[in-house]
Amino acid sequence: MSAGEWYFIYGMPGAGKSTLGKALAEQLELPFFDLDAQIVAQAGVDIPTLFAREGESG
């Protein structure tokens, strides 16, 4: 893997993306970022509240 290369795992809610991502990052010795956690930290509210306030486009 070269510098600046990123891997994304996407899929349906509850499919195990975070679990798989953490394990894969550990195996590859890469940092792991959970996008939902990043959004919650920036928005200051959980994902369901954010959707209720702003909808899909938010």
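When we follow our numbering, the leftmost residue of the sequence shown carries the number 528, and every step to the right adds one. The C-beta atom is built at its ideal place from N, Cα and C for all residues, glycine as well. Quantities reported herein were computed from a predicted structural model and do not represent experimental measurements.
Keeping to the same chain, check which residues put their C-beta closer than 7 Å to that of Leu547; ignore five residues upstream and five downstream.
-> Taking the first residue of the sequence shown as position 1, residue 547 is located at position 20. If we look at Leu547 and ignore the five residues flanking it on each side, its Cβ neighbours are Ile536.
CB-CB under 8 Å to Ile574, same chain, minus the five flanking residues each way: which ones, in chain order?
-> To locate residue 574, count along the sequence shown from 1; it is residue 47. So the list reads Asp563, Ile566 and Val567, once near-sequence residues are dropped.
Figure out for me which residue from Ala542, Tyr534 and Val572 has the closest Cα to the Cα of Pro558.
-> Here residue 558 refers to the residue found at position 31 of the sequence shown. Nearest neighbour of Pro558 by Cα position, chosen from Ala542, Tyr534 and Val572, turns out to be Tyr534.
N-terminal and C-terminal residue of the alpha helix (DSSP H) that Ser584 is part of = As a working note, residue 584 is residue 57 in the sequence shown. Per DSSP, Ser584 belongs to no alpha helix (DSSP H) and is neither H nor E.
Straight-line CA distance for Gly538 to Ala579?
-> In the sequence shown, residue 538 corresponds to position 11, counting from 1. In the sequence shown, residue 579 corresponds to position 52, counting from 1. If I take the Cα positions, the gap works out to 21 Å.
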